[in-house]
Amino acid sequence: DWIDGIDLNCGCPAPKVFHHGSGSNLLGDLPRLQAILGTIKKYSNKKYTTAKVRIGITEKIPYDIARAVEDAGADMISVHGRTKAGGYKSEVDYDAIKIIKDAVKVPVIANGDITSYQKAKDVLAHTGADGVMIGRGAVGSPWIFHQIATGNEFVSNALKKQIISEHYESMINHYGYHGMIMFRKHLHTYSKGYDGASEFRQAVNFTVDIGQMREMINSFFPDYD
1 DWIDGIDLNC GCPAPKVFHH GSGSNLLGDL PRLQAILGTI KKYSNKKYTT AKVRIGITEK
61 IPYDIARAVE DAGADMISVH GRTKAGGYKS EVDYDAIKII KDAVKVPVIA NGDITSYQKA
121 KDVLAHTGAD GVMIGRGAVG SPWIFHQIAT GNEFVSNALK KQIISEHYES MINHYGYHGM
181 IMFRKHLHTY SKGYDGASEF RQAVNFTVDI GQMREMINSF FPDYD
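Residue numbering for the sequence shown is 1 to 225, as defined by my numbering.
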């Protein structure tokens, strides 16, 4: 009952998903995509039926995808501005996202390489999208959502340190000792750009005590600006 909607992922480029006929494979068979989306729309008792797409498999067909998804009854479309072939490294085509936005009446969410508050502003202005979806851009900078929501790019070091500490404690509470091991990779990204980051990451890699890592976090990250 706590779920508001069902999102059909038509964007995943992972080979094992694609070759199974799922994810971005659906972009090569728009009638099948529509049939699946229409079935969800017909039988779901949830308020929203949405779709996450890319702009094609190898060829860019943003308009065709947009019309197919909206005609099938989607209440919102999230668009990653690359083809399946583009993976995660090709240049994001924000013009293609704009084409989708202009082609439909439902809300459109822009996605792809949005890694900062300023980039989010630029993408929204360029595409006319109704919002942005952020994935990898939040790794190491989860406060990006606060920046965009408030329109304030400044985040104090004290708040950053608080968020990092709370993240660590949540990992420990949920995963126990393994949470400390898993958190090493997060500290690699959190520490990026800080003086002494390389030495800190090296020390983190060999830390095997939950309390010791907590102390390292507390001593490394400043709580002043």
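Yeah, the Cβ is synthetic: ideal placement off N, Cα and C, and Gly gets one too.
How big is the Cα-Cα spacing for residue i and residue j?
{"i": "E166", "j": "S78", "result": "30 Å"}
{"i": "R214", "j": "N173", "result": "13 Å"}
{"i": "G73", "j": "K160", "result": "41 Å"}
{"i": "A96", "j": "L37", "result": "22 Å"}
{"i": "I65", "j": "S191", "result": "40 Å"}
{"i": "K47", "j": "I164", "result": "35 Å"}
{"i": "R184", "j": "R67", "result": "44 Å"}
{"i": "Q118", "j": "L124", "result": "10 Å"}
{"i": "K101", "j": "Y177", "result": "46 Å"}
{"i": "L27", "j": "R54", "result": "8 Å"}
{"i": "D195", "j": "S219", "result": "13 Å"}
{"i": "I217", "j": "G11", "result": "37 Å"}
{"i": "D1", "j": "K42", "result": "18 Å"}
{"i": "E199", "j": "Q212", "result": "16 Å"}
Are residue i and residue j close, meaning C-beta to C-beta below 7 Å?
{"i": "K84", "j": "S24", "result": "yes"}
{"i": "T58", "j": "K98", "result": "no"}
{"i": "E153", "j": "Q162", "result": "no"}
{"i": "P107", "j": "D130", "result": "yes"}
{"i": "E70", "j": "V104", "result": "yes"}
{"i": "S116", "j": "D225", "result": "no"}
{"i": "M286", "j": "I134", "result": "The chain is shown only over 1 to 225; residue 286 falls outside these bounds and no answer can be derived."}
Would you mind sorting residue i into buried or exposed? The rule is 16 or more other CB atoms within 10 Å of its CB.
{"i": "M76", "result": "buried"}
{"i": "V208", "result": "exposed"}
{"i": "H20", "result": "exposed"}
{"i": "K60", "result": "buried"}
{"i": "T49", "result": "buried"}
{"i": "P13", "result": "buried"}
{"i": "I3", "result": "exposed"}
{"i": "Y168", "result": "buried"}
{"i": "M182", "result": "exposed"}
{"i": "P222", "result": "exposed"}
{"i": "R82", "result": "buried"}
{"i": "G5", "result": "exposed"}
Which residues in the same chain have their Cβ closer than 7 Å to the Cβ of residue i, if we skip the five residues on either side of it in sequence?
{"i": "N9", "result": "G23 and K52"}
{"i": "R32", "result": "L26"}
{"i": "T189", "result": "V139 and G140"}
Between which residues of its own chain and residue i is the CB-CB distance below 8 Å, once the five residues before and five after are set aside?
{"i": "V132", "result": "I109, A110, N111, I114, A120, V123, L124 and I148"}
Grab me the residues of residue i's own chain with a C-beta within less than 6 Å of its C-beta, minus the 5 sequence neighbours each way, in chain order.
{"i": "V204", "result": "R184 and L187"}
Inside the stretch 6–66 only - alpha helix (DSSP H) runs reaching at least 4 residues: 15–18 and 30–43
Within the stretch 90–152, ranges of the beta strand (DSSP E) (whole runs, at least 3 residues): 108–111 and 131–133
Secondary structure, alpha helix (DSSP H): runs of 4+ residues fully inside the stretch 154–184: 157–175
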